[in-house]
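**Q** Mind the numbering: the sequence shown is residues 3 to 107 in the working numbering, read in order.
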Amino acid sequence: MKRTMKNKPLILDILNYKLAVIFDSELQKRGSDGECDVEGGQIRIGANLPARSFADVLLHELLHAIVGIGLDKENRLTELQINYISAVLSEVLRRNPGLKPILMP
3 MKRTMKNKPL ILDILNYKLA VIFDSELQKR GSDGECDVEG GQIRIGANLP
53 ARSFADVLLH ELLHAIVGIG LDKENRLTEL QINYISAVLS EVLRRNPGLK
103 PILMP
């Protein structure tokens, strides 16, 4: 799976916040597959994840970024809520490929 575009890092735009996706081989040694740092402008993903795991972790960290950007601390989702939403959303998208042209016209 290509994780960069033309040898450039993947930069995500979330409501005008730019976040670079960084592949970090040290993350998994620290017991994590992904981390989101909105203030630092980075989403860090384990460098050696298989394609499906990479997609799941990226979606999970995107949800953290969305919540971190748009909600104050009192209204942010818990890790359990992010885990549930990202797992179910990932599965819904995989089971329903017909959604892609609707969601991404």
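For glycine and all other residues, C-beta sits at the position ideal for the given N, C-alpha and C.
Does the distance from the C-beta atom of residue 70 to that of residue 94 stay below 8 angstroms?
**A** Cβ atoms of residue 70 and residue 94: not closer than 8 angstroms.
**Q** Would you kindly report the start and end of the unbroken alpha helix (DSSP H) that includes residue 57?
**A** Note, residue 57: alpha helix (DSSP H), 53-72.
**Q** Given a threshold of 16 other Cβ atoms within 10 Å of its Cβ, counted over all protein chains shown, does residue 90 qualify as buried or as exposed?
**A** By the neighbour-count rule (16 or more Cβ atoms within 10 Å), residue 90 is not buried but exposed.
**Q** Name the residue from 35, 47, 34 whose alpha carbon lies nearest to the alpha carbon of residue 11.
**A** When each option's Cα is compared against that of residue 11, the closest is 47.
**Q** Taking the beta strand (DSSP E) that residue 96 falls in, what are its first and last residues?
**A** Here residue 96 belongs to no beta strand (DSSP E); instead the alpha helix (DSSP H) covers 81-97.
**Q** Exposed or buried, residue 104, counting other C-beta atoms within 10 Å across all chains shown (16 or more means buried)?
**A** Exposed: under 16 other Cβ atoms inside 10 Å.
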